[in-house]
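Everything on this sheet refers to the single structure shown next.
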Amino acid sequence: MREFLGTPVDRIDGPAKVTGTARYPVDETRPGMLWGHLVTSEVAAGRLRALDTEAAARSAGVVAIFSPFDPLPIPPLPSISNPAGARWAPLADTAVHHHGQVVAVVVADTPEQARSAASLVRASYDVERGRVDLDPAHERVPAAVDHGQDPDIGYSPDGSTVEQVLAGSDVTVSGRYRTPVQNHAAMELHSALAWWSDDGRLHVRTGHQAIPWLVGELSLTFDLDPADVDVVATHVGGAFGGKTRAGVDVKLACAASRVLGRPVKIVLTREQVFTSTVVRAATEQEVTLGAHRDGRLTAVVHRSRSAEAAVLSDLLVAPGHTVSRVLYGAEAMAISQRAVTAHLPRTGFMRGPSEVPGLFALETAMDELADALDMDPVEIRLRNDTPVFPGTDLPWSSRHLTECLRIGADRFGWSERARRPGTRLDGDWFVGLGMAVTSYRAAQVAPVAVSVTLRADGDAEVATSAVDLGTGMATVLAITTADALGIPIERVRVRLGDSALPPGGAALGSTGTAAVVPAVRAAVRAAMAEVRPDATAVPFAEVLRSAGRTAVTGRGETRPRGALTDGHAHWSFGAQFCEVRVNRWTREPRVTRMLGVMDIGRVVNAKAARSQIVGGMVWGLSAALLESIEFDPSARMTNADLAGYLVPVNADVPDVDVVLLDVPDLEHNECGVRGAGEIGAGGMSAAIGNAIHNAVGIRLRELPITLDRMFTPREGNERP
Ligand code: MOS
Numbered sequence: 000m001r002e003f004l005g006t007p008v009d010r011i012d013g014p015a016k017v018t019g020t021a022r023y024p025v026d027e028t029r030p031g032m033l034w035g036h037l038v039t040s041e042v043a044a045g046r047l048r049a050l051d052t053e054a055a056a057r058s059a060g061v062v063a064i065f066s067p068f069d070p071l072p073i074p075p076l077p078s079i080s081n082p083a084g085a086r087w088a089p090l091a092d093t094a095v096h097h098h099g100q101v102v103a104v105v106v107a108d109t110p111e112q113a114r115s116a117a118s119l120v121r122a123s124y125d126v127e128r129g130r131v132d133l134d135p136a137h138e139r140v141p142a143a144v145d146h147g148q149d150p151d152i153g154y155s156p157d158g159s160t161v162e163q164v165l166a167g168s169d170v171t172v173s174g175r176y177r178t179p180v181q182n183h184a185a186m187e188l189h190s191a192l193a194w195w196s197d198d199g200r201l202h203v204r205t206g207h208q209a210i211p212w213l214v215g216e217l218s219l220t221f222d223l224d225p226a227d228v229d230v231v232a233t234h235v236g237g238a239f240g241g242k243t244r245a246g247v248d249v250k251l252a253c254a255a256s257r258v259l260g261r262p263v264k265i266v267l268t269r270e271q272v273f274t275s276t277v278v279r280a281a282t283e284q285e286v287t288l289g290a291h292r293d294g295r296l297t298a299v300v301h302r303s304r305s306a307e308a309a310v311l312s313d314l315l316v317a318p319g320h321t322v323s324r325v326l327y328g329a330e331a332m333a334i335s336q337r338a339v340t341a342h343l344p345r346t347g348f349m350r351g352p353s354e355v356p357g358l359f360a361l362e363t364a365m366d367e368l369a370d371a372l373d374m375d376p377v378e379i380r381l382r383n384d385t386p387v388f389p390g391t392d393l394p395w396s397s398r399h400l401t402e403c404l405r406i407g408a409d410r411f412g413w414s415e416r417a418r419r420p421g422t423r424l425d426g427d428w429f430v431g432l433g434m435a436v437t438s439y440r441a442a443q444v445a446p447v448a449v450s451v452t453l454r455a456d457g458d459a460e461v462a463t464s465a466v467d468l469g470t471g472m473a474t475v476l477a478i479t480t481a482d483a484l485g486i487p488i489e490r491v492r493v494r495l496g497d498s499a500l501p502p503g504g505a506a507l508g509s510t511g512t513a514a515v516v517p518a519v520r521a522a523v524r525a526a527m528a529e530v531r532p533d534a535t536a537v538p539f540a541e542v543l544r545s546a547g548r549t550a551v552t553g554r555g556e557t558r559p560r561g562a563l564t565d566g567h568a569h570w571s572f573g574a575q576f577c578e579v580r581v582n583r584w585t586r587e588p589r590v591t592r593m594l595g596v597m598d599i600g601r602v603v604n605a606k607a608a609r610s611q612i613v614g615g616m617v618w619g620l621s622a623a624l625l626e627s628i629e630f631d632p633s634a635r636m637t638n639a640d641l642a643g644y645l646v647p648v649n650a651d652v653p654d655v656d657v658v659l660l661d662v663p664d665l666e667h668n669e670c671g672v673r674g675a676g677e678i679g680a681g682g683m684s685a686a687i688g689n690a691i692h693n694a695v696g697i698r699l700r701e702l703p704i705t706l707d708r709m710f711t712p713r714e715g716n717e718r719p
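When we follow numbering that gives the first Met the number 0, the leftmost residue of the sequence shown carries the number 0, and every step to the right adds one.
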């Protein structure tokens, strides 16, 4: 049955959101609640020498001030996704690891009192030199990189090295690519409300991407049975990887509430979201490609260096491992990842954590290779598509990159692209077309359980602790349940985002939909098997009524698994195209058209999936032209707000066209669904850079592509 699956369905929570009745964690209150406000470090490195809290303590409404000199009982732990990494807890010691590190929390009766008193706290420091650069002199080999891979991977034909393969190539290109530090800037500020009930249970209301992980992390931190941690996040106002771990707001609210015996709520300021939560680390990447005269790749060499926060690092992302390993079938590959410790906020996940920087480097290099060969950029990618996971004989679960490229080129009018840069002028604007390939792995990172309850009145209820970050998970649950039961979507009640419900895994790594949809199907099957084991077509409500039962519940589960599993490599692919106009006098680039053609398996909600890809491509545009956290020479953030940290507004975003191939990947799961969350962000920044090169012949290997760089490219970048 495919009544709803794949059709465009409006968000079931849309009316609640647009009428303001949807309650987000940041909206939650509690009787007798106190408010905490963070005091954060003004310096990036050194030691907190003293804290003058006298004036703050005398300030109206102040109940308590916690600091390293009067700490809260929070044990220093490593990130749960990087257990070998640094251990840290807020306020546990006086070492300062980054600008914006919390050095005190002021708790008062009202948020205004807490904020005002926090402004009266005076800190003095023994300042050391902060560093946020990627100086190779400081690099080290990490023990492991994301998904437990070795830092150095690759292959080459028997009896030869990658260097020998490169040396024997007809053409080689080589470049150094840089990507900056970024922040998610989710619309809902990071916040936590925590209280302890008389039975010793901990209650938390906070925006989070994986309730089972938060429960695990808090039970470990506060020495509790996981069953005694209650977390609810019915709606989450954006996360993008920035809400995958318990942040300082969460741990401080829980600990302060326990000590003070009252509910405590902490809401970060927008500046603190930049300085005191999670960032995407900067990267420097060297890519060398070798090819035969006909465009077939001989070798891919991708060496990247990423910053890793001294304070806490969720994982070391490996741009080359994630993208260069999978995109093209080369004869030889050498991919490596190095780490450079830096005075940054917690380094962690951000939409396409390795894919966004990695694809910028690789897909710019591919454009340079096409240039060097005088070959069309689409054609060179077609020639390097591969039926197997490169260097192995492992087939893909489903890979339709060639279709994405052909459909995209045709639909976008790729044949209009000028062969030589700087030759297509329209008024005062040079016109360029660019493209790139994008990719994202399809895996499952956490177990997922879903229950489906069928009622004698004909309604159904689907329940899981999976969260909806704005991605449309609530609607996915409703669609899948209605579809499997053959009932109208209005008859499905969705309950989610509550730790009391069956554990719904993690809304990250583009894994949510593909992990949840088969679990819903299994839960429906389990419930139906109880209602009518004889498989007759009588509606479940009638069967329940005639049996005198009011309801029956079934449970379905899916298990974690890697992207290389069951004899297949599971990845999604897509092709992205754009048109950029560059002003001939000011060199201002304007993106005027974008197209993404995506192979994400079967589509569940055509409207939401399209929306995800559009959003991802706008992220790509943003990464290409606008976003960067800038640091002063002492490693302090200089633009930690939405005035100085630029993101696109409507006027920056053109019409975005999306095609979803909608080919079910039945090797991946019974429903053929993969994921749509991150792939759209992947190749877009390279596509835009490639279009700028096509327009005016300027090749920038550093993001963002700002006007100053268009005029004075630095080492590694080229102008005509
Ligand atoms: Mo995504 S960066 O895995 O939330």
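In this text, a Cβ means the ideal position worked out from N, Cα and C, and glycines have one as well.
Quantities reported herein were computed from a predicted structural model and do not represent experimental measurements.
For the ligand MOS, is there a heavy atom less than 6 Å away from the beta-carbon of P559? no
Beta-carbon separation of V430 and A232 under 7 Å? no
Is it buried or exposed for S123, if we count other Cβ within 10 angstroms and need 16 for buried? exposed
Distance between beta carbons of L259 and V106, contact taken as under 8 Å: 7 Å
Just confirm the distance between the C-beta atoms of A639 and F273, as a whole number of angstroms; I'd bet it's less than 8 Å. 4 Å
As assigned by DSSP and simplified to three states, the class of E460: strand
Considering only DSSP beta bridges, list what N582 is partnered with. W428
G469 beta carbon near the ligand MOS (any heavy atom closer than 6 Å): no
Would you list the residues sitting across from L192 in a DSSP beta bridge? R204 and K264
So is the beta-carbon of G390 under 6 Å away from any non-hydrogen atom of the ligand MOS? no
Given 6 Å as the limit, tell me if P532 has its C-beta closer than that to any heavy atom belonging to the ligand MOS. no
beta-carbon R350 near the ligand MOS non-hydrogen atom, thresh 6 Å: yes
Is it buried or exposed for S684, if we count other Cβ within 10 angstroms and need 16 for buried? buried
If you measure from the CB of H147, is any heavy atom of the ligand MOS nearer than 6 Å? A small fix is needed here, since residue 147 is Gly in this sequence, not His. Flag unset: Cβ of G147 not near the ligand MOS.
With distances taken between CB atoms, is the gap from L507 to T243 smaller than 7 Å? yes
How far does the alpha helix (DSSP H) with G407 in it reach, from first residue to last? L400 to F411
Could you tell me whether any Cβ in chain B is nearer than 7 Å to the Cβ of G511? Reference to chain B is not applicable here, since this structure consists of a single protein chain.
How many angstroms separate the CA atom of A56 from the CA atom of D456? 59 Å
Should L37 be listed as close to the ligand MOS, given that the test is whether its C-beta is under 6 Å from any heavy atom? no
Check whether the Cβ of L358 sits closer than 6 Å to any heavy atom of the ligand ZN, and report yes or no. Absent from the structure shown: the ligand ZN. Ligands present: the ligand MOS.
Own chain, CB closer than 7 Å to G471, minus 5 neighbours either side, in chain order: R10, N604 and A607
In terms of alpha-carbon separation, which member of T474, A184 and D598 lies closest to P647? A184
Say the cut is 6 Å; is the CB of L507 nearer than that to a heavy atom of the ligand MOS? yes
Which residues in the same chain have their Cβ closer than 7 Å to the Cβ of R114, if we skip the five residues on either side of it in sequence? H36
Between I210, R708 and L594, which lies nearest to V447 when the distance is taken from Cα to Cα? I210
So is L641 buried or exposed if we call it buried at 16+ other beta carbons inside 10 Å? exposed
F65 lies in the beta strand (DSSP E); which residues open and close that run? V61 to F65
With a threshold of 6 Å, establish whether the CB of G236 neighbours any heavy atom of the ligand MOS. no
With 16 other CB atoms within 10 Å as the buried threshold, where does W584 fall? exposed
Endpoints, the alpha helix (DSSP H) within which E283 is located: From DSSP, E283 is part of no alpha helix (DSSP H) but of the beta strand (DSSP E) over T282 to A290.
To the nearest angstrom, how far is the alpha carbon of D661 from that of D654? 22 Å
Rounded separation between R295 and I379 - CA only: 7 Å
Have a look at L288 and D384 and give me their C-alpha separation to the nearest angstrom. 15 Å
Out of A521, I691, F710 and E187, point me to the one whose CA is closest to R589's CA. I691
How many whole angstroms separate the CB atoms of A94 and L76, which I take to be in contact at a CB cut-off of 8 Å? With 8 Å as the limit, A94 and L76 do not qualify as a contact, their Cβ atoms being about 16 Å apart.
Would you kindly work out how many angstroms separate the C-alpha atoms of G199 and P225, rounded to a whole number? 12 Å
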